[in-house]
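Data block below; observations after.
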Amino acid sequence: MTLRHFLKDSSISSPEQSEILRLALEIKADRLKYQPLRGPKAVGVMTDKPTLRTQVSFCVGVAELGGYPMFVDSRLAGVGQRESVADVARVLGRQVSAIVWRTFGQDRLEEMAGLVGVPVVNALTDDFHPCQVLADLMTVAEAVGGVSSLSGVKLAYLGDGSNNMAQSYLLGGALAGLEVVIACPAGFQPKAEIVAEAAALAALAGGGVTVTSDPVAAVANAGVVATDTWVSMGQEGEADARQAPFLPYRVDGEVMALAAPEAIFLHCLPAYRGKEVTAGVIDGPQSRVWDEAENRLHAQKALLIWLLDQAGRD
Ligand code: NVA
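Residues in the sequence shown are numbered consecutively from 7, following our numbering.
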């Protein structure tokens, strides 16, 4: 058994990422083609934070793979309060084929992965949202003509550079060979060690990573413009303080006009129109956000197929 987890974007290599993205495109065209969970075998889907896309896409995806999506309400389970992460891991690991977990600290996910004995998938932590970035890369691949055309595409992300999406764009984009540019205000930059890891991955994959405070330079000729909420889940108490610093990073029509003519706009959702993006952009012709949301389903199914296949190997 080769137990692999997807705790962050760089839990997989560049070739493994390409393999998963190609599989995702294949199963988008033939949704019930692979059924590794037939039986049905169960996959535990847990979330400690609000969810729409994650719950739906994982539960539908597990069902389409022939399995049973066991949605665990972590408020009832009290993971880390009523029962330790370690005890939850030892209970769940004997009954499910994989665990999908949205939580706060990356350390909680790592503790789970260390004890559970089945693949663990990060469905968003404070630091990373790697399933979303897999779906985003799939969406970019569809726009540029395939997975092999991802290398060299410039992706400009404007907004909170310290959040999970920015940090996953750095690692996941670097693995794909993208030119990732994060434009963010001072005080909201990605962690230095993540930028360093992304730079090392980008050097191997032929891409690059840049962190800047200049949104105009960031979007110049970008093929992909992305943003995210200025107030991530768990930061609601900072909402007022998180408006003024981010205003220069709002994605509007003028920003999109600086990007490449064929540029697409991505947003992981939920979106706040009039804050990080104008309605004209997210509801306009360059927006791919609905494809992006759908692609969560296909990308995560491909990821689960790949992880289960690895787990089945000697
Ligand atoms: N950065 C956002 C992503 C939501 C999918 C958050 O963590 O709330």
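Glycine included, C-beta positions come from ideal geometry on N, C-alpha and C.
query: Residue 180 versus residue 298: straight-line alpha-carbon distance, rounded; result: 19 angstroms
query: Distance between residue 169 and residue 185 (C-alpha atoms, nearest Å); result: 19 angstroms
query: Proximal residues to residue 2 (C-beta, below 6 angstroms), its chain only, five neighbours per side dropped; result: Lying outside 7 to 320, the shown extent of the chain, residue 2 is not represented and no answer is given.
query: Proximity test, residue 190 beta-carbon vs the ligand NVA heavy atom, cut-off 7 angstroms; result: no
query: contact_flag[the segment 93-103, the segment 121-140] where n(CB pairs < 8 angstroms) is 3 or more; result: yes
query: Residues that DSSP places opposite residue 127 in a beta bridge; result: 12 and 106
query: Residue 224 versus residue 217: straight-line alpha-carbon distance, rounded; result: 9 angstroms
query: For residue 50, three-class secondary structure by DSSP; result: strand
query: From 312, 295 and 317, residue whose alpha carbon lies closest to that of residue 141; result: 295
query: Exposure label - residue 80; buried when at least 16 CB within 10 Å; result: buried
query: Alpha-carbon spacing of residue 166 relative to residue 231, whole angstroms; result: 14 angstroms
query: Residue 75 (DSSP reduced to helix, strand or coil); result: strand
query: Residue closest to residue 268, alpha-carbon to alpha-carbon, out of 283, 227, 257 and 23; result: 227
query: Segment limits, beta strand (DSSP E) that includes residue 216; result: 214-218
query: First and last residue of the uninterrupted beta strand (DSSP E) at residue 160; result: 160-164
query: One or two residues paired with residue 185 in a DSSP bridge; result: 160 and 214
query: Alpha carbon of residue 196 to alpha carbon of residue 241, nearest angstrom; result: 16 angstroms
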